[in-house]
Structure formats: structure tokens, C-alpha cells
RNA sequence: GCGUCCGUGGCUCAGUUGGAUAGAGCAUCGGGCUUCGAACCCGAGGGUCGCAGGUUCGAGUCCUGCCGGGCGCACCA
């Protein structure tokens, strides 16, 4: 159990006041039908702040109390009354039954004194200092995400996966899991053969000379050219063009040859594969660095390819897998609309699915994970249902701990993006346009005042914030229509709005410090100095901010449990908005004495809460911008 | 056809897992910088939550059926 002295939660403090009353009022009296944690979860702000600060809905108590919710609300209010009159139910100051709700008015100073010192010390999300931290062993979970193909370009669609996966890694760690962040590169397959065919056969020595940087992107363009040419020939051949049919057949024979040579580790071709593959990997690494994303383990399709085929062979012999039309697969009749799952092609080569079996076993056995999360776009839902079902039938108990987080696609206004068709916006284009825009529209005015490096660094942080927030703020089952101009508009509900609040709040502390107004360290200790400071807080905007800060941890916990970073985005946006209202109405620097200390404490708490929340989304929080 | 997701102000989306009078951003109109930073704040207009039933004290939320749209349906990854 957590040490209650480290429990900063206002809602839990209120719940502790209600808890014994619920036991006493139950019919017959006895144990409270709801735990402190359950009561705290039910407490929510009423629709109208005139009604109170927190409302306790009594519906769930109807059975245990053997009466209707309105009577229950009334009964709890009456039982609480003597203690309220004596001032013995902090932080509750008043309780008013309103229909089925018990509306609670808090002593804001007492409530703030509970929450703010810990919040300002940055402890709201610290393991062991959070409410309801249990003793159970940390689950070991692997999150696999990003998974780009080498020899192809990295575009804005890939960015949604990266942002989502990274945020989940951070959220689950904050929520108490031991997380292994994993990537899985697609470094084998037909796309490689197409790319190398063009690279080797269609380019001269000069054309094969890669540029100094962004070689992965350059390679991706070669792949696109190869793909487009093949698609064109295919179309022309269908229309009866014999020349095109000839060239298509030639090219197909060549890509098959390349594929086979690679499979048999032909020395010359393998060397070229390794070099070109590295160009892509280098480019990805540079992107990950810019995005502040890091992985604990890197998987490659090339390392599970052969093992997957061996597993298919083994389970074919055991009779679990069957031959169908020359290919090998399994019947998962539970998946009624498409029961057959193909695991090996008719020509004996492997598929995406083949490798997924070997990859899963590698994860289970080498990493001893309790839970396995796959972040892959929603089109793969059926694929993963089959993979997990197949693993279960193969006898892997961990199959039940596998989850697919399927997110919707990023599209362009004119329709779906297609890497193959080349109708994509490369991530680098977005990054550069965003960074330039941030610099020229907002940061140029600091030129001379700040160093050039500071301006560049801040521009990158804000650009990253805009991109990541844009990718994360939407629920995963909503598609994102990517419109460059709309993304460059950084006002309203955007990443920079949140970052701006952090910067302005930080600026308030700096400006106050310049005139000798600093937070008294004693105010952070939770004693009398704290009470004196928080007792001075009472404006509506302060009240709103404090109550909102109290829900940071429950929001993070919920976002982690449901694997939905978007809910944290919404919360942080509301927190930032509440701060802006406070900032408009409650000047800090002109304040004096206890009010100054109270507001400095509140501002410090917001800074920490915002910075920590943004960090869980992988978004930097600059001190100035 | 089967499966799956989506449908909420003009546009883009939230909606605390079934709770009180459905909220934001953008856009439009109006107001606020001589005071800690205007990437901001305040106000106004704009909604039968796709349609029809059902479940119950109570439905944007759950169930059924329609309508409209996206995506997936074996030798690509």
C-alpha cells in the first residue's frame, strides 16, 4: 500500500471522508459498498460550478442502501453535517444533496495544500508516490511499432505510428509496466528486389552514386520509380502492348533472380543489399533522433525469415497446418468471414505472416514478456487476429496476451496516400516546412536576443510538438486528413498551444525572480507555510486549475490502460486553457505575501504537470518560445 | 456478399466507459495589449448527436434493423 502521506489526491481525500459514512449507512450497516478508490473515481465536477466543486453520484449505492439515490444523497449529507460543522471533514467544506447527487464544496485552501506541494515537486506521476500504487510485480510488456520498410521513403503516414507507439511506451512506463520498445524493419521482400533491379540495371555508374545525405530517401525514390514502371508496363501489357509485355517479363524474371540470389546469400548481391539497407537504416535513425524516439531492441525481417519457414514445416508435419492449392496455411474457423490464413506461398517462400510467427516466438522466448503490443494500422486487424489465434493453437500461452493497436490511416485531401503510387508527403518535407514556419513566424523576433542555436533548437522543439500533437490528439479510430496548410496553423488546439502555456508560466517565474519574488521553499513542504499560501487562493480560475490538476494522474492511468494517448491530449489542452484563463485574471508578479506564494506554488505545479504530461506524449516543453 | 470502423453546429473533432442544461478548435461577427509574453483572453450566432425501434429511473454512449461513407477479404508487406 502507498504511504498515505504521499497521496496528493484531493479526490481521494474527499473519498476518505465519505467512505466510513457509506459503511454506516448501508442496510444492514457494515463494510462500505464502495472502496476509497472507487469513490474517488466516481467524484466528478458538476455541470455547473455553482453547484459545487465535486459531485458524488449515488446511483451505484441504491441496492446496498435499499433506497433511491436522492434519499441516499440526503442521508449522506445529514451524516456528514456534524463533522462539517466542526470542521472535521477536510477538505470538504459543505455538502448539498441535489436530486441523486451529493454536491460537495471544498475548502480550496485545504485541497490545494494537499495537492500542490507534491505537484510542484513533480511527484504526481512518480511511481510509489501516486495514489493506489500496488505491490504487484511489474508486468513486462513489449511494444512493437514504427516497422518501416527499408528501401522505401518515410512519409507522414509513418509518423502516426511512430508518435503513437512512442507515447504508449512512455504511458505504460509511467503506469508501472516494464516496457521494451521494439522496432521491426522490413528489410526483405519484393520491394527490395524491385528497388535493386532499378538500381543495378537501370542506372549507370553516375546514377548509382548516392547523395551526401538522405540516402534512404533517395533510395525510396528509386523504389517508387521501379514500381511505377512495372505498374505502367503491366497496364500496357494488359492493353495488348507486346513490347511492354516483353519488358515486364524481363523485369519480373530479374526481380525473382535478385530475390533468390539474396535468399541464397549471393556474396555480390548481399553486399549491395547490406549497403543500401544501411542507407535506409541510417536515415530512419536520424529521423528517430530528431523525434526523440529510442528503441530498446531492433528486429529485422531478415532474421526471422528462415525460422518462420522452419516453423511452418514443423507444424505442417504435426498436422496443425495444411496444404491448400499448393500453399500452406491454417484454418481458423473462429474467424468466420475469412477462415483460411496463408502461411507459405506455393513456391515455398515466406510471407509477412510466416515471419510474424517466428518473431512472436522470439519475443516470447528471448524476452520473456508478459504482454505483447503491436502498433500497426487498422487494415491489419484480421491479419493479427489470425496470427494470435494461430499462435494459441501452436501452444503458446502468451498468445492471449497479444494485442493489436490498430490505428486509422493518414490520408491526403485528395485521397489515400500511396507509397507505391508516390502520392505521399515525405516526413522530411513536413519537418522542414514546420520548422521554417515556426522560426520565421514566431521566433525571428528573438534574433539577436537569443543565440542562433537557441532559436534553431526551439524551432525544432515547437515543430516536433505541432507534429506529434497533431498525430496523437485524434482518437486512433479516426482517420487523419493531412493538409499541410492546416497543420501549419499553430493557433487553437495544437501542440504549440500547450508548449506556449509552459513557456509563459516559466516566464512568470523568471520575471518574478527578477524582482526578488520567489517561491519560499517552506511552501513546498506541506506544513503551515503551505497552508498559509494556499488559503489565499480563491478565484474561480484558481479553483478550476487546482481541480483539473487533481485529475492528471487518473487521466494518465486511464490513457495507459485503454492505450489511448488522445485522452491525455484532451486533458492537457483543457489544463492549458484553464491556465490561460488564470493568467488573464490572476496577476502573479504584482501580488504580495501569502497570495504571491500561493500563486507561485500554483504556477509551479502547472509547469510540472504540463511538462510531465507533454513528456508522456513525447513532446518537449521549452522554457521559452 | 462477409467482416470491421466512422456518421455530433458551415468545416475538423471531444464527450470522464449509462448520469444533471451535448462541449472545444477553425471559420464568421463584436470586444480586450502603457500592467508577469496577444502562439492569448472574453462575448455572440450556429445542434431534433445519420434514420427507426428497443433496453431503464436516465441513451450521443448499450442492443436490433436500416441509410451513407472508409478499410479488409489467400500466394504483397
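Residue numbers (my numbering): 661 to 1285.
Quick reminder that beta carbons are idealized off the backbone N, C-alpha and C, glycines included.
Since the structure is predicted, the reported quantities are computational estimates derived from the model, not experimental observations.
Worksheet item: If you draw a straight line from the alpha carbon of residue 672 to that of residue 1077, how long is it in whole angstroms?
Response: By 1-based counting over the first chain, the position of residue 672 is 12. By 1-based counting over the first chain, the position of residue 1077 is 417. The straight-line gap from Cα to Cα measures roughly 48 Å.
Worksheet item: What first and last residue would you give for the alpha helix (DSSP H) that runs through residue 1273?
Response: In the first chain, counting from the first residue as 1, residue 1273 sits at position 613. Element bounds for residue 1273: 1253 to 1276.
Worksheet item: If residue 845 sits next to residue 884, beta carbons under 8 Å apart, how far is it from one beta carbon to the other, in whole angstroms?
Response: By one-based count along the first chain, residue 845 stands at place 185. By one-based count along the first chain, residue 884 stands at place 224. Actually they do not touch by this definition, with Cβ atoms about 19 Å apart.
Worksheet entry | Sequence-distant residues of its chain with Cβ nearer than 7 Å to residue 878 (five each side left out) | Reading the first chain from its first residue, position 218 is the one you call residue 878. For residue 878, where only same-chain residues beyond five positions count, the Cβ hits under 7 Å are 870, 871.
Discussion item. Taking its Cβ as the centre, do 16 or more other Cβ atoms sit within 10 Å of residue 1010, making it buried, or is it exposed?
Written reply: Taking the first chain and counting its residues from 1, the one referred to as residue 1010 is at position 350. Answer is buried; the Cβ neighbour count reaches 16.
Worksheet entry | CB of residue 1039 within 9 Å of CB of residue 1075, strictly | On the first chain, position 379 is the one that residue 1039 refers to. On the first chain, position 415 is the one that residue 1075 refers to. No, they are not a contact pair.
Item to complete: With a 10 Å radius around its C-beta and 16 neighbouring C-beta atoms as the bar for buried, classify residue 1207 as buried or exposed.
Response: Here residue 1207 is taken as the residue at index 547 of the first chain, counted from 1. Buried, since its Cβ has 16 or more Cβ neighbours within 10 Å.
Worksheet item: Roughly how far, in whole angstroms, is the beta-carbon of residue 1031 from the beta-carbon of residue 1059, given that I think they are within contact range, below 8 Å?
Response: As a first step, residue 1031 must be located in the first chain, where it is residue number 371. As a first step, residue 1059 must be located in the first chain, where it is residue number 399. Actually they do not touch by this definition, with Cβ atoms about 11 Å apart.
Item to complete: Decide if residue 802 is buried, meaning its Cβ has at least 16 other Cβ atoms within 10 Å, or exposed.
Response: Here the question's residue 802 lines up with position 142 in the first chain. Classification for residue 802: buried.
Fill in: Uninterrupted beta strand (DSSP E) stretches inside the stretch 748 to 784 (no shorter than 3 residues)
752 to 758, 761 to 766
Discussion item. If you measure between the beta carbons of residue 1220 and residue 831, is that distance less than 9 Å?
Written reply: Translated into positions along the first chain, residue 1220 becomes position 560. Translated into positions along the first chain, residue 831 becomes position 171. The answer is yes: Cβ separation under 9 Å.
Item to complete: Could you tell me the distance, in whole angstroms, from the CA atom of residue 987 to the CA atom of residue 896?
Response: Here residue 987 is taken as the residue at index 327 of the first chain, counted from 1. Here residue 896 is taken as the residue at index 236 of the first chain, counted from 1. Near 30 Å, if we compare the C-alpha coordinates of residue 896 and residue 987.
Practice prompt. List the endpoints of the continuous alpha helix (DSSP H) containing residue 1287.
Written response: Absent from the structure is residue 1287, since the part of the chain shown begins at 661 and ends at 1285.
Practice prompt. Counting only the same chain and skipping the five closest in sequence on each side, list residues whose C-beta sits under 6 Å from that of residue 1064.
Written response: For the purposes of this step, residue 1064 is taken as residue 404 along the first chain, with counting starting at 1. Only 1034, 1044 meet the Cβ criterion.
Practice prompt. State whether the stretch 1011 to 1024 contacts the stretch 947 to 965, with contact taken as three or more CB pairs (one from each stretch) at a distance under 8 Å.
Written response: Contact holds: three or more Cβ-Cβ distances are below 8 Å.
Discussion item. Which residue wins for smallest C-alpha separation from residue 1269, given the options 1070, 1232, 724, 1177?
Written reply: Indexing the first chain from 1 puts residue 1269 at position 609. That would be 1232, whose Cα lies nearest to the Cα of residue 1269.
Discussion item. Here's a check: name, in chain order, each residue in its chain whose Cβ is nearer than 8 Å to the Cβ of residue 1246, leaving out the five neighbours to either side.
Written reply: As a position in the first chain, residue 1246 is number 586, starting the count at 1. Hits under 8 Å: 1199, 1201, 1202, 1259.
Worksheet entry | Endpoints, alpha helix (DSSP H) assigned at residue 852 | Stepping through the first chain from its first residue, residue 852 is reached at position 192. For residue 852, the enclosing alpha helix (DSSP H) starts and ends at 850 to 857.
Item to complete: Would you mind reading off the limits of the alpha helix (DSSP H) that contains residue 719?
Response: Numbered from 1 along the first chain, position 59 holds the residue referred to as residue 719. Note, residue 719: premise wrong, no alpha helix (DSSP H); not H, not E.
Discussion item. Along the chain, where does the alpha helix (DSSP H) containing residue 1037 start, and where does it finish?
Written reply: Stepping through the first chain from its first residue, residue 1037 is reached at position 377. Not the alpha helix (DSSP H): residue 1037 falls in the beta strand (DSSP E), residues 1031 to 1037.
Item to complete: Have a look at the DSSP bridge pairing and note the partners of residue 817.
Response: Here residue 817 corresponds to residue number 157 of the first chain, with the count starting at 1. DSSP, once it has assigned bridges, lists no residue as partnering residue 817.
Fill in: Residues that DSSP places opposite residue 1076 in a beta bridge
By 1-based counting over the first chain, the position of residue 1076 is 416. In the DSSP output, where bridge partners are listed per residue, residue 1076 has 1071.
Worksheet item: What first and last residue would you give for the beta strand (DSSP E) that runs through residue 984?
Response: Walking along the first chain from the start, residue 984 turns up at place 324. Run containing residue 984: 982 to 984, per the beta strand (DSSP E) assignment.
Item to complete: Identify, in the order they occur along the chain, each residue of the same chain with its Cβ nearer than 6 Å to the Cβ of residue 1235, setting aside the five sequence neighbours on each side.
Response: Taking the first residue of the first chain as 1, we reach residue 1235 at position 575. So the list reads 1208, once near-sequence residues are dropped.
Worksheet item: Exposed or buried, residue 1091, counting other C-beta atoms within 10 Å across all chains shown (16 or more means buried)?
Response: Counting from 1 along the first chain, the entry for residue 1091 is found at position 431. Residue 1091 sits buried, since 16 or more C-beta atoms from the chains shown fall within 10 Å of its C-beta.
Worksheet entry | Residues near residue 826 by beta carbon distance below 6 Å, same chain, minus five either side | Here residue 826 refers to the residue found at position 166 of the first chain. Taken in chain order, the residues that qualify are 953, 1278.
Worksheet item: Can you pull the DSSP bridge partners for residue 960?
Response: One-based indexing of the first chain puts residue 960 at position 300. Answer by DSSP bridge pairing, in chain order: 845.
Fill in: Residues bridged to residue 1083 [DSSP beta-bridge criterion]
If you number the first chain from 1, residue 1083 lands on position 423. Bridge partners of residue 1083: 1078.
Worksheet item: Can you list, in chain order, the residues of its chain whose CB lies under 6 Å from that of residue 1006, leaving out five sequence neighbours each side?
Response: If you number the first chain from 1, residue 1006 lands on position 346. Only 986, 987 meet the Cβ criterion.
Worksheet item: alpha helix (DSSP H) containing residue 802: first to last residue?
Response: For the purposes of this step, residue 802 is identified with residue 142 of the first chain, where counting begins at 1. First-last for residue 802: 800 to 804, but that is the beta strand (DSSP E), not the alpha helix (DSSP H).
Fill in: Local Cβ density within 10 Å of residue 1281, reported as buried at 16 or more and exposed below that
Along the first chain, one-based indexing puts residue 1281 at 621. Under this definition residue 1281 is a buried residue.
Practice prompt. Name, in chain order, the residues that DSSP records as bridge partners for residue 1004.
Written response: Here residue 1004 refers to the residue found at position 344 when the first chain is read from its first residue. The partner list for residue 1004 (beta bridge, DSSP) reads 988, 1010.
Worksheet item: Among 951, 733, 1163, which one has its Cα closest to the Cα of residue 763?
Response: Residue numbering aside, residue 763 sits at position 103 when the first chain is read from its first letter. The option with the nearest alpha carbon to residue 763 is 733.
Discussion item. Rounding to the nearest angstrom, what Cα-Cα distance links residue 808 and residue 930 in this structure?
Written reply: Taking the first chain and counting its residues from 1, the one referred to as residue 808 is at position 148. Taking the first chain and counting its residues from 1, the one referred to as residue 930 is at position 270. Rounded to whole angstroms, residue 808 to residue 930 spans 20 Å at the Cα level.
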